[in-house]
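Take a look at the structure set out below.
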Amino acid sequence: MEPAGAPPQGCGPAQEAEEPPGSPALPAEEPQSGQPSGAHPGEGEPSAAAGRERCCRRGAGPQGPPGRTARGRGRRAQGRRGGEEGGRAGRRPRVTVDSSKAKTSLEALKISLRQLRWKEFPFGRRLPCDIYWHGVSFHDNDIFSGQVNKFPGMTEMVRKITLSRAVRTMQDLFPLEYNFYPRSWILPDEFPLFVAEVRMMKDSDPSWKPTFIVKPDGGCQGDGIYLIKDPSDIRLTGSIQSRPAVVQEYICKPLLVDKLKFDIRLYVLLKSLEPLEIYIAKDGLSRFCTEPYQEPTLKNLHQVFMHLTNYSLNIHSGNFIHSDNVNTGSKRTFSSILCRLSSRGADVKKLWSDIISLVIKTIIALTPELKVYYQSDIPAGKPGPTCFQILGFDILLMKNLKPMLLEVNANPSMRIEHEQELSPGVFENVPSPVDEEVKVAVIRDTLRLVDPQKKKRKDIQSHKIMFYNLKTSRKTVSSKNKVNIRYNYFMCYRCQTLEHVSEANEELLDAGPADRLEYDTTKSPEAGLPSLCLKQVFPKYAKQFNYLRLVDRVAALFIRFLGVKGTTKLGPTGFRTFIRNCKLSNSNFSMASVDILYIDITRRWNSTGIDHKESGMCLQAFVEAFFCLAQKKYKSLPLHEQVASLIHFCEYHLAALDEKRLVCGRA
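Quick note, in the numbering used here, the sequence shown goes up one by one and the last residue is 668.
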């Protein structure tokens, strides 16, 4: 459908990155003045004289005469407002970031930290840092405080088999809502089922000539992926036994641009699990194949440069084009593709809505088991870091613009350079403007969203505004103002920011009406930065998706009965306690039947070889048992209503039990 050609005039990539054409779910923000600052973190440090001046001010304290203090210090405050904003930024406590484990994301992280004027510790630090940036997993370092950019268990959760199982559970409950993931089978466990279902579908529709794609479970960068036309073509020799895989129905009719197949790498920030908070980047990357696309046949099945969009594969093609222009080449910005589609009359507004829906639903499918991993590594009530993580969603657009989820990456590449061969066997790292434009913005704005000092600055700013309002209401410092100044000092001692609030008192007591706007803009550390490239989609759209979070509530029941903190599997005693406390046993379902159910389901899941470190029932096995109990108790309802009814039944009895224990405790 796509002839070659440049994007239309007036629809450049920078504008597109701000707001995709017609996107309702990603509203534009008013950009803040100025460009990203490239200053070195050390710039703007206060001079020794300024330090002495602050000491004198602190020595005066609130005991000096208010009137004289305002007159004597007002002139200094005016001077500071006149041209020492850099000094004020230097005096502000800077966020500290440990980048010693950042690995390939290090260069993009360094640029982001320079723009934010935060303090980097590239070799680690004996004292705790505010943020730890890991390159691989949560366990790259032993962290006991601050924030870390990885969730425990995320790498395991987005492996192809685990992701397929999580999405399949949601497809059982809500088949229409989760039709964005291709039909999948897990090898070798489900190979007989795969053969039987394909044979049945071919018998019912002789014209159906499918193609399947086989993906190794732990594979990355296209390693080990191949296409087949028939189940008998699967390579069942030793490798499939030692290296499990997922086989999926191949999408034969993708959207083409310049006759080439492409996919989208979209960056998603999972800022918090509880409460769930999700952000999506307004721009991403489009990775192109390097040979014109044809529908799969026996002759072209092995042409990876035609069928596989992986950058790490296509970069070795002689047709790969490195381009400094975001609109051309084998790697482009997603915004340039959206702009091109919009110019051809495509409904980009609906496309963005579908992509946002896909992302939210996928994370809803992943969060139940993530919470189990989280409580295992960071038990409630024990010291530990808080977590956030940037995920890479790989999405393929079909010819009708329906987005399909290919996979989720726990460690999306954040490299902003590529290798260029100067001579045979000699390579050099060359900057990639397309990567830098997208990835630096994602990292920088992720850091802005998790900034640990943001709340402190908000508290200080509210105190400043309060004192300004007191000054404008009365020309002289009244006794009420004195009381409030003392209160302000009390508050700032609590948050250890005495010198900032001291300056706020002095400046606001001397400020005129024209200075009020200056307070809201020039002193903000965000003033020199562009508007955020990450847009919140959850809880913003929580009302539309909360009904899907049934398995989340089942996971909460599972975690409640785990018993021992730090475990991820439920023992037989815990399962019996769950049944007893929720009053699920009766004459038709005795405790002996409960034990049989536990043993059968646990044995089957343990035989899949998911995790042999602990014995017991994993969350996925518990979910299966819970679905079985719901079907026994509410036979005439659809599955999602059966599960919702049983959840409500269990929560009701557990709430009554908690209330009874509370009353007994008081007595």
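Beta carbons are placed, not taken as given, at the ideal position from N, Cα and C, and that holds for glycine.
Please read these numbers as outputs of a predicted model, since none were measured by experiment.
**Study point:** Residue of F650, C619 and V555 minimising C-alpha distance to L585
**Key:** Ranking F650, C619 and V555 by Cα distance to L585 puts F650 first.
Exercise for review: Return the residue from the list R449, G567 and D436 that minimises the CA-CA distance to R416.
Suggested key: The shortest Cα separation from R416 among R449, G567 and D436 belongs to D436.
Review point. Are the stretch 307-324 and the stretch 284-296 in contact at 8 Å, needing three or more beta carbon pairs?
Key: Contact holds between the stretch 307-324 and the stretch 284-296, because three or more Cβ pairs, one in each stretch, are under 8 Å apart.
Exercise for review: Please name the residue in T569, N589 and G564 whose C-alpha comes closest to that of T578.
Suggested key: Distances from the CA of T578 to each of T569, N589 and G564 were compared; the closest alpha carbon is that of G564.
Review point. With distances taken from CA atoms, which of T447, M405 and D173 is nearest L110?
Key: Considering only alpha carbons, the answer is T447.
Check your understanding: Just to confirm, does Y280 get its C-beta within under 6 Å of one of the non-hydrogen atoms of the ligand PLP?
Key -> The ligand PLP is not part of this structure, which contains no ligands at all.
Check your understanding: Would C388 be called buried (16 or more neighbouring beta carbons within 10 Å of its own) or exposed?
Key -> By the neighbour-count rule (16 or more Cβ atoms within 10 Å), C388 is buried.
Check your understanding: Near K161, what residues of its chain come up, given a Cβ to Cβ distance below 7 Å and the 5 sequence neighbours on each side ignored?
Key -> Take K161, set aside five residues on each side of it, and the residues of its chain with a beta-carbon closer than 7 Å to its own are K216, D218, V247 and E408, in chain order.
Practice item. Would you kindly work out how many angstroms separate the C-alpha atoms of F571 and P297, rounded to a whole number? Key: Here the sequence assigns Leu to residue 571, which means Phe is not the residue at that position. Taking the straight line joining both Cα atoms gives about 46 Å.
**Study point:** DSSP three-state assignment for F152, whether helix, strand or coil
**Key:** Reduced to three states, the DSSP call for F152 is coil.
Point to revise | N- and C-terminal bounds of the beta strand (DSSP E) containing I279 | key: Unbroken beta strand (DSSP E) run through I279: E278 to A282.
Check your understanding: Alpha carbon to alpha carbon, how far is L114 from K120?
Key -> Looking at the two C-alpha atoms, the distance is approximately 7 Å.
Review point. In whole angstroms, what is the alpha-carbon distance linking E108 and Q632?
Key: E108 and Q632 have their C-alpha atoms some 53 Å from each other.
**Study point:** Distance between beta carbons of I602 and V373, contact taken as under 8 Å
**Key:** Taking the Cβ atoms as the reference, V373 lies roughly 17 Å from I602, outside the contact range of under 8 Å.
Check your understanding: With 16 other CB atoms within 10 Å as the buried threshold, where does I132 fall?
Key -> Counting Cβ neighbours within 10 Å, I132 comes out buried, since at least 16 surround it.
**Study point:** DSSP state of N506 mapped onto helix, strand, coil
**Key:** Because N506 sits at a pLDDT of 47, beneath the cut-off of 50, its placement in the model cannot be relied upon, and the point is left open.
Exercise for review: Note down the Cα distance separating L359 from S591, rounded to an integer number of angstroms.
Suggested key: Using only the alpha carbons, I get a separation of about 42 Å.
Check your understanding: Using the beta-carbon count (16 or more within 10 Å), is Q621 buried or exposed?
Key -> It is buried - the Cβ of Q621 has at least 16 other Cβ atoms within 10 Å.
Review point. Apart from the five residues on each side of it in sequence, which residues of its chain come closer than 8 Å, Cβ to Cβ, to M399?
Key: Counting only Cβ-Cβ distances below 8 Å, and skipping sequence neighbours, we find I252, K254, P255, L256 and M405.
Exercise for review: Mark G575 as exposed unless 16 or more other C-beta atoms lie within 10 angstroms of its C-beta, in which case mark it buried.
Suggested key: G575 should be labelled buried.
Exercise for review: Identify the continuous alpha helix (DSSP H) that holds K351 and give its terminal residues.
Suggested key: Annotation: the continuous alpha helix (DSSP H) that includes K351 extends over V349 to D378.
**Study point:** Selection from P189, I396, N142 and V439 that minimises the alpha carbon distance to R126
**Key:** If we check each option's Cα against that of R126, N142 comes out closest.
Practice item. Can you grab the Cα-Cα spacing for the pair E178 / S532, in whole Å? Key: Rounded to the nearest angstrom, the two C-alpha atoms are 33 Å apart.
Check your understanding: Is the CB-CB distance between M171 and A411 below 7 Å?
Key -> No. Outside cutoff.
Exercise for review: Would you decide whether I144 is buried or exposed? Buried here means 16 or more other CB atoms lie within 10 Å of its CB.
Suggested key: By the neighbour-count rule (16 or more Cβ atoms within 10 Å), I144 is buried.
Review point. Do you know how far the Cα of Y375 is from the Cα of E275?
Key: CA-CA distance, E275 to Y375, rounds to 11 Å.
Check your understanding: Is the beta carbon of A442 less than 7 Å from the beta carbon of C534?
Key -> Yes. Within cutoff.
Check your understanding: Which residues bound the alpha helix (DSSP H) around F562?
Key -> It is not in any alpha helix (DSSP H) - F562 carries neither H nor E in the DSSP assignment.
Check your understanding: Taking just the CA atoms, how far does F122 sit from M158?
Key -> Approximately 30 Å between the Cα atoms of the pair.
Review point. So does the stretch 266-273 actually touch the stretch 198-215, counting three or more Cβ pairs closer than 8 Å?
Key: Too few Cβ pairs lie closer than 8 Å, so no.
Practice item. Let me know the secondary structure DSSP gives P425 once reduced to three states. Key: For P425, the three-state secondary structure derived from DSSP is coil.
Exercise for review: Return the first residue and the last residue of the beta strand (DSSP E) that R333 is part of.
Suggested key: Start and end: K332 to T334.
Review point. Can you name, in chain order, every residue of its own chain whose Cβ lies under 7 Å from the Cβ of R333, other than the five neighbours on each side?
Key: Residues S287, V327 and V435 of the same chain have their beta carbon placed closer than 7 Å to that of R333, with the five preceding and five following residues left out of the count.
Check your understanding: Using CA coordinates, which residue listed in L663, K362, K350 and A557 is at the minimum distance from N547?
Key -> Closest option to N547, Cα to Cα, is K362.
Check your understanding: If you draw a straight line from the C-alpha of S503 to the C-alpha of P386, how long is it?
Key -> Only weak support is given to the placement of S503: the predicted model assigns it a pLDDT of 42, under 50, and the value that follows is read from those uncertain coordinates. Whole-angstrom Cα-Cα distance: 32 Å.
Check your understanding: Is Y653 buried or exposed, if buried means 16 or more other CB atoms sit within 10 Å of its CB?
Key -> Y653 is classed as exposed because its beta carbon has fewer than 16 other beta carbons within 10 Å across all chains shown.
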